[in-house]
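In terms of my numbering, the sequence shown is residues 216 to 465.
Have a look at the structure below, then the notes.
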Amino acid sequence: MERFTALIAHRGGFALEMEHWWDFHNLPRIPIKTKMSTNYQGANHPANESQDIEASASCSIWVTGLPPNCTIKQLLSSIRSAGKIFSCNVNLPSGSNLTSAAKIVFWDRDSTNRFLNQYVWGTFRVGYYKPKVMLNRILVASQLPSTCSRVVRVVGPDAIVNEEYLRQYFERHFFYDLEEYFLYHHETDTSTSRVEFRFASYRAQAAAASVWLDRARTGNEDATAGMDEEEKRLWTQVRWFWGPDPCEGQ
């Protein structure tokens, strides 16, 4: 069993400490861990299999009781002061289920613990719903410390660096869910823009965006096929950076 010591609240001069004990192998509705979920419909790939780690080290969370029409934006905007998100996907209601569910994988176990503490204290809510949180039976280990995140910032000529163009470019090369897009700055005199894409996941989404941005910048043929010379020239002026995950902050 693992003990989660939530925060200490001072009320009337008394320190109230809350301790929550969970045996992750015996959580309600969590079966014995399997190599891969029996409900999984995606590719049979090692990256989708449960890892050989202790449950207490896993960063993968299963959330139920979400709003029926829950979106990635609604879910992720409800998570603050926890930590970076490695991956996230929402399952809308199906069959007899009337609410949505989601799998959230945090970047590391410390972030997972902070989120679990928020759930224990009842501060995690999505809209008017108070979801249930439990460990996912597919176990996922912590990622190595890194500046990488699910947030990608792009700077360059506004003919390239704009929502419509980059969305279409990304959609041609990989699947993604987007929490939000921001236009941070547009300089009319130089025709340059600075934008931010907040993907649902680092895994296979923001990570893929970084790869395809670099491929276009460097003139890789599989990225620039169909582009004219002026478009290719503009791509050489594009730069991108990792941005902070808002799920880390307030």
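For each residue, glycine too, the CB sits at the ideal point set by N, CA and C.
Owing to the predicted nature of the structure, the values given are computational and were not obtained by experimental measurement.
message = Can you find the residues in the same chain that come closer than 7 Å, C-beta to C-beta, to P246, ignoring five residues on each side of it along the sequence?
response = At P246, the pLDDT of 40 sits below 50, so the modelled position is not reliable and the matter cannot be decided from this model.
ask   = Is it true that the CB of D429 sits closer than 9 Å to the CB of W455?
value = yes
inquiry  = Applying the 10 Å Cβ sphere with the 16-neighbour rule, what's the burial state of E394?
reply    = buried
ask   = Any chance the segment 380 to 398 sits against the segment 325 to 344, with 3 or more Cβ pairs inside 8 Å?
value = no
query = So, helix, strand or coil for Q335, using DSSP?
reply = Note on residue identity: the sequence assigns Val, not Gln, to residue 335. Reduced to three states, the DSSP call for V335 is helix.
request  = Label A270 either buried or exposed according to how many other C-beta atoms from any shown protein chain fall within 10 Å of its C-beta, with 16 as the threshold for buried.
outcome  = buried
query = Helix, strand or coil: how does DSSP classify I294 here?
reply = In the structure shown, I294 sits in coil (DSSP, three-state: anything other than H, G, I, E or B).
Where F412 falls, given that 16 or more other Cβ within 10 Å makes a residue buried = buried
key: Start and end residues, beta strand (DSSP E) containing E394   = 393 to 402
inquiry  = If you reduce the DSSP assignment to three classes, tell me which class S425 lands in.
reply    = Judged by DSSP in its simplified three-state form, S425 adopts helix.
task = State the beta-bridge partners of E411 as determined by DSSP.
result = In DSSP, E411 forms a bridge with R368, F397.
task = Compare the Cα-Cα distances from T314 to each of Q266, P282, R324 and report the closest residue.
result = It is P282 whose Cα lies nearest to the Cα of T314.
key: Anticipated Cβ contact below 8 Å, C274 with V305, distance rounded   = Going by Cβ atoms, the distance from C274 to V305 rounds to 18 Å, so no, they are not a contact pair.
inquiry  = So, for A297: in the same chain, excluding its five sequence neighbours on each side, which residues have a beta-carbon less than 6 Å away from its beta-carbon?
reply    = S326, R329, F330, C462
task = Can you check DSSP and say which residues form a bridge with R454?
result = V370
ask   = I think W322 touches Q358, with their Cβ atoms under 8 Å apart; what is that distance to the nearest whole Å?
value = 5 Å
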